[in-house]
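Asker:
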Amino acid sequence: MDIERIKLFKDRKEAGIKLANILSKYKSQENILILALPRGGVPVAFEVAKSLKTTLDVFITRKLRFPDNPELAVGALAENGEIFLNKDLIDYCPDNYLEEETSFQKEEIKRRQILYRDGKGLPSFIGKDVILIDDGIATGATMIATIHALRASGIKKLIIALPVAPPGIVKELNKLADELVIIYTPSPFLAVGEHYQDFRQVSDDEVKEYLEEAKTIDQFHKEVRL
């Protein structure tokens, strides 16, 4: 498949609309909670939440960056404290590096909790059917750490929904999820952004705006159902 065919998403909004169509069987189900990995996953998840008429929130997981190569993940830290480490890479990190990087990302998680949720912690996930959404994955470190954190939180069912992912990670995600939805698994896989025509960075302010609008829409649907 050539690169022009791989670029089948105009932007994150279009990716979200396509995912929503696939996930339409979950529309208006009260037990469903949609969780986005910020920042890039939020515009995608917003379209899904709007279409399915359900609640949207974020789950903040931060990549633990490899020394001198911040795009490479040596692991990931979830906001509930769950840590995933790539054992093939940690031996290449200098002494005390992981401790310092983890401490830095903990502070970044706190900053985002204050910004996105006014400092409030995570909602209860006990018994929930969770749809976990990002704009795509490359190594999967952030997604895997989030999955383990959610499993430990008492969720009932986990649906992973992604616009694009490398084919090599599908088998692992299938083992971790109750249901896996991936629109495209192109090979060779390029960086996630290479599969979008518009992959501009999502700002913290935009994330907050999406969450506030989703909350308003969700409240409206809840009132209509009463």
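Taking the numbering used here, the leading residue of the sequence shown gets 60, the next gets one more, and so forth.
A virtual CB, placed ideally from N, CA and C, is assigned to each residue, including glycine.
According to DSSP, which residues form a beta bridge with T114?
Answerer: L92
Asker: Buried or exposed: T50, going by 16 or more other Cβ atoms within 10 Å of its Cβ?
Answerer: Residue 50 lies beyond the stretch modelled for the chain, which goes from 60 to 285, so this question has no answer here.
Asker: For V261, collect the residues of the same chain with a Cβ closer than 8 Å to its Cβ; drop the 5 residues on either side in sequence, then sort them by chain order.
Answerer: R71, P97, R98, G99, V101, P102
Asker: Grab the span of the beta strand (DSSP E) containing R259 for me, first residue to last.
Answerer: R259 -> no beta strand (DSSP E), and no H or E assigned at all.
Asker: Does the segment 196-213 come into contact with the segment 132-152, if we say contact requires no fewer than three beta-carbon pairs (one atom in each stretch) closer than 8 Å?
Answerer: yes
Asker: Unbroken alpha helix (DSSP H) runs of length 4 or more, entirely within the segment 155-231: which are they?
Answerer: 156-176, 200-210
Asker: Excluding the five sequence neighbours on either side, which residues of its own chain have a C-beta within less than 6 Å of the C-beta of D61, listed in chain order?
Answerer: For D61, the pLDDT reaches just 46, beneath the cut-off of 50, and the residue's location in the model is therefore unreliable, leaving the point undetermined.
Asker: Expressed to the nearest angstrom, what Euclidean distance is found between the alpha-carbon atoms of L78 and D127?
Answerer: 35 Å
Asker: With DSSP as the reference, label K86 as helix, strand or coil.
Answerer: DSSP places K86 in the coil class of the three-state scheme, outside both helix and strand.
Asker: Which residue marks the beginning of the alpha helix (DSSP H) containing A236, and which one marks its end?
Answerer: Element bounds for A236: n/a, residue is neither H nor E.
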